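Some notes on the structure that comes next.
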Amino acid sequence: MRRLLPVTDLTTPAAAADREWTLDELADAYAYPDGGRPWLRANMVSTLDGAAQHDGRSQGISCPADMRIFGTLRGLADAVVVGAETVRQEGYRPARAREAFAVRREAAGQGPAPAIAVVSASLDLDFSLPLFVSPLVPTLVLTGAAAPSDRVRAAREAGAQVLVAGDGAGVDPARAVGELAARGLTRLLTEGGPRLLGQFVAAGVLDELCLTLSPLLTAGGAQRIAGGPAVPVPERFALVSLLEETGFLFTRYGKI
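When you line the sequence shown up against the numbering used here, it's residues -19 to 236, in that order.
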């Protein structure tokens, strides 16, 4: 059963019980706030016991409804920000244009598909992959000023746009958001991985978390959705909306 749980303040998908939510309903429910300032949302999935992956990938703990929301969030974003390790593990490909979001994107002044923005200090990436050589919109690579010059050159030769977002080898999360916003990319979506999400959390630049809670138990030593050093004081988020389908909970939390 598909239902809108009473803790939500969203009403659009409520009539979608016992049928599949339409993409328009989901797009309305997950619309970015107005205002024009950069807005960084994360989309992650976790099992009941906190695993963000199974056998190294998130697909095994997902479901069809989760993938529809995944596609919707991409359809609303200017750019999808992702860590290099996730690009390698998940086999990232360029985002594609989807007819279902074409009118909405045109009205919002967006291109046909979001750019993929890869965060990498070492630039240890295969620049012969379609993500770099044949995207619909150029792939962006966010790195530090001390990145290896030969890898920067290889990225540019493949067609990627290299953005410097740190004074050293690594990327400063706040500066990464600023560099993207300076190029008109303000509706930002990060899909992880856990290390990158942990960096955004620690820097205090995450505005929203869309978390799918999967009704599975995996045990083992899989990563949580966010990794890295703990923040000195936990930051509280407020529940914005909650959808349910066959035991999967699709939550949306915003910074207070």
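For each residue, glycine too, the CB sits at the ideal point set by N, CA and C. If you're wondering where the values come from, they're calculated on a predicted model, not measured in any experiment.
Could you check if residue i is buried or exposed, using at least 16 other CB atoms within 10 Å of its CB as the buried criterion?
{"i": "A218", "result": "exposed"}
{"i": "P174", "result": "buried"}
{"i": "E188", "result": "buried"}
{"i": "G148", "result": "exposed"}
{"i": "A195", "result": "The question names Ala, but residue 195 is Pro in the sequence shown. With fewer than 16 other Cβ atoms within 10 Å, it is exposed."}
{"i": "G36", "result": "exposed"}
{"i": "E215", "result": "exposed"}
{"i": "R17", "result": "exposed"}
{"i": "V211", "result": "exposed"}
{"i": "A22", "result": "buried"}
{"i": "I49", "result": "buried"}
For residue i, which three-state DSSP category applies?
{"i": "S194", "result": "strand"}
{"i": "F107", "result": "coil"}
{"i": "E224", "result": "strand"}
{"i": "I205", "result": "coil"}
{"i": "L176", "result": "helix"}
{"i": "Q90", "result": "coil"}
{"i": "S26", "result": "strand"}
{"i": "Q33", "result": "coil"}
{"i": "L219", "result": "strand"}
{"i": "A154", "result": "helix"}
{"i": "I41", "result": "helix"}
{"i": "A97", "result": "strand"}
{"i": "E70", "result": "helix"}
{"i": "T271", "result": "There is simply no residue 271 to check, as the chain begins at -19 and stops at 236 in what is shown."}
{"i": "T170", "result": "strand"}
Could you pull out every residue in the same chain whose Cβ sits closer than 6 Å to the Cβ of residue i, ignoring the five residues on either side in sequence?
{"i": "S42", "result": "V25"}
{"i": "V132", "result": "V142"}
{"i": "G227", "result": "P195"}
{"i": "F81", "result": "G55"}
Under 8 Å, do residue i and residue j count as touching if we go by C-beta distance?
{"i": "A77", "j": "L109", "result": "no"}
{"i": "E159", "j": "A145", "result": "yes"}
{"i": "A31", "j": "V99", "result": "no"}
{"i": "L197", "j": "T27", "result": "yes"}
{"i": "I96", "j": "A75", "result": "yes"}
{"i": "A154", "j": "A126", "result": "no"}
{"i": "R163", "j": "L111", "result": "no"}
{"i": "R84", "j": "P92", "result": "no"}
{"i": "A45", "j": "E171", "result": "no"}
{"i": "V60", "j": "R68", "result": "no"}
{"i": "G178", "j": "A161", "result": "no"}
{"i": "V151", "j": "T119", "result": "no"}
{"i": "A87", "j": "T52", "result": "no"}
By Cβ distance, which residues of its chain are closer than 8 Å to residue i, with the 5 residues on each side in sequence left out?
{"i": "P128", "result": "S102 and L103"}
{"i": "F107", "result": "V113, A134, A135, E137, A138 and A140"}
{"i": "D(-11)", "result": "Confidence is the limiting factor: at D(-11) the pLDDT is only 40, short of 50, which leaves the residue's position unreliable and the question unanswerable from this model."}
{"i": "W19", "result": "Y12, P13, T166, R167, L168, D187 and E188"}
Note down, in chain order, each residue of its chain lying with its Cβ closer than 7 Å to the Cβ of residue i, except the 5 sequence neighbours on either side.
{"i": "A57", "result": "P94, R167, L168 and L169"}
{"i": "G201", "result": "none"}
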